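Chains as they are written, first to last, in the working numbering: chain A, 131 to 329; chain B, 131 to 329. We treat Cβ as the ideally placed atom computed from N, Cα and C, and that holds for glycine. Computed from a predicted model, the values in this text were never measured in an experiment.
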């Protein structure tokens with residue numbers, strides 16, 4: 131059945147979908163309301179034209195400025211630097227952070243030929259320096275992943291910001307809440323010792 | 131982000147997709163080629179209008195008659211009765227069977243109020259009886275799942291066909307190829323004893 135095969139082969143390009151799960155989805159669509167298929171198709175079609183990147187911080191936005199950048203109640207003295215737009219959504223979901231964001235659009239990776247000029251670093255420095263004239267940014271939280279690339283990028287940014295009047299911090303690494311010492315890898319365990327706090 | 135949330139909530143209605151996998155798919159679509167999103171949307175939109183049910187056997191088809199029913203090289207003396215259209219695709223993929231099909235469109239289930247009139251049973255009897263005038267169907271393979279509903283439906287059909295000059299058979303049940311005695315449930319093991327064959 132060509133129509134089914136074509137759809138399945140497109141679906142298997144999406145993350146987490148193998149041939150079997152793609153087939154199950156195709157069958158479900160064949161059984162579903164026509165209205166459902168049409169709504170799904172329409173949302174997929176318009177997603178890319180509805181969602182842009184915020185002109186200020188680079189995260190996903192439906193307008194010129196994203197909801198965070200245009201929200202006057204956010205704390206403009208603190209900025210959280212992340213790798214990708216979805217990291218902003220993840221952090222927002224935790225409701226722990228009330229400052230601004232900056233999306234790098236990737237991580238430094240010499241092996242893959244990603245240098246500083248491929249990331250939104252110049253814009254970050256510009257945002258920090260311009261802020262000094264009105265509401266100065268006082269803290270930059272480097273929230274890149276605790277991986278080799280994430281750590282390298284964080285160290286690089288820390289070095290760049292050395293002369294600026296800002297505090298540069300990094301998210302804590304350690305054993306996850308609900309985790310088990312037994313299953314923590316050596317590096318995580320080592321970092322959780324180094325970062326131990328007084329009870 | 132409303133556009134992302136709307137798409138995610140539609141995607142979670144599909145089988146096998148929870149919130150996290152739906153989000154991953156939405157992010158992948160945001161990063162993908164626009165051409166890819168548009169092709170995917172188009173295929174989802176047209177799937178239902180392209181795929182119909184075969185007027186003869188009830189399986190999926192892009193034309194009035196499905197590929198099997200319209201293929202003159204198939205063995206018209208044998209008919210395989212299945213629950214749903216996708217069972218036809220599954221059996222075709224095994225390349226083991228060269229006869230015709232008949233899709234019931236469900237299984238008998240008194241608890242859910244599914245009686246014989248809700249299934250394509252009258253049409254099956256009609257096909258068998260009409261065939262006697264030209265190329266008589268000699269065997270009916272009942273390939274419903276080996277579950278309570280599948281077995282009940284098979285027994286019901288066997289009873290209905292008692293007086294017809296056809297052989298009624300059922301797919302073998304037993305330990306799957308590559309399976310392990312240790313993990314076979316009691317019923318499967320019992321059936322594989324009853325159905326044992328001479329080596």
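Counting every other CB atom within 10 Å of its CB across the protein chains shown gives residue 317 of chain B a total below 16, marking it as exposed. Taking a beta-carbon distance threshold of 7 Å, residue 259 of chain B does not count as an interface residue toward chain A.
At least one CB of chain B lies nearer than 7 Å to the CB of residue 167 of chain A.
Residue burial is scored here from C-beta neighbours: residue 264 of chain A has fewer than 16 other C-beta atoms within 10 angstroms and is therefore classed as exposed. The stretch 236-247 of chain A and the stretch 191-206 of chain A do not touch, with fewer than three beta-carbon pairs separated by less than 8 Å.
Residue 233 of chain B and residue 194 of chain A have their alpha carbons spaced roughly 54 Å apart. Neighbourhood of residue 151 of chain B in chain A, by CB distance below 7 Å: 146, in chain order. Bounds of any beta strand (DSSP E) do not take in residue 326 of chain A, whose DSSP letter is neither H nor E. Put simply, the CB of residue 137 of chain B is near chain A, with a gap under 7 Å to one of its CB atoms. No Cβ of chain B is located within less than 7 Å of the beta carbon of residue 185 of chain A. For the stretch 215-246 of chain B, the set of residues with a beta-carbon nearer than 8 Å to any beta-carbon of chain A comprises 215, 216 and 219, in chain order. In terms of CA proximity to residue 163 of chain B, A:143 leads the group A:155, A:131, A:223 and A:143.
DSSP places residue 280 of chain A inside the alpha helix (DSSP H), whose first and last residues are 278-290. According to the DSSP assignment, residue 299 of chain A belongs to the beta strand (DSSP E) that extends over 297-300. For residue 208 of chain A, the enclosing beta strand (DSSP E) starts and ends at 208-212. DSSP lists A:239 as the beta-bridge partner residues of residue 244 of chain A. Residues of the same chain with a CB within less than 7 Å of the CB of residue 185 of chain B, apart from the 5 flanking positions on each side, are 194 and 195 in chain order.
A straight line joining the alpha-carbon of residue 304 of chain A with that of residue 276 of chain A spans about 10 Å.
DSSP places residue 173 of chain B outside any beta strand (DSSP E); the residue lies instead in the alpha helix (DSSP H), whose first and last residues are 164-180. Counting of Cβ neighbours within 10 angstroms places residue 283 of chain B among the buried residues, the total reaching 16 or more. At least one C-beta of chain A is nearer than 7 Å to the C-beta of residue 154 of chain B.
With respect to the 7 Å criterion, residue 178 of chain A and residue 151 of chain B are not classified as neighbours on the basis of their beta carbons. For the 7 Å CB-CB criterion, residue 269 of chain A and residue 221 of chain A do not form a contact. A Cβ of chain B is located within less than 7 Å of the beta carbon of residue 175 of chain A. Within the stretch 185-214 of chain A, 190 and 192 place their CB atoms closer than 7 Å to a CB of chain B, listed in sequence order. Residue burial is scored here from C-beta neighbours: residue 224 of chain B has fewer than 16 other C-beta atoms within 10 angstroms and is therefore classed as exposed.
Non-local C-beta neighbours of residue 296 of chain A in its own chain, meaning closer than 7 Å and more than five positions away in sequence, comprise 258, 267, 268, 269 and 270, ordered along the chain. As DSSP reads the structure, residue 271 of chain B sits in a beta bridge with B:210 and B:299. The continuous alpha helix (DSSP H) containing residue 140 of chain A extends over residues 132-141.
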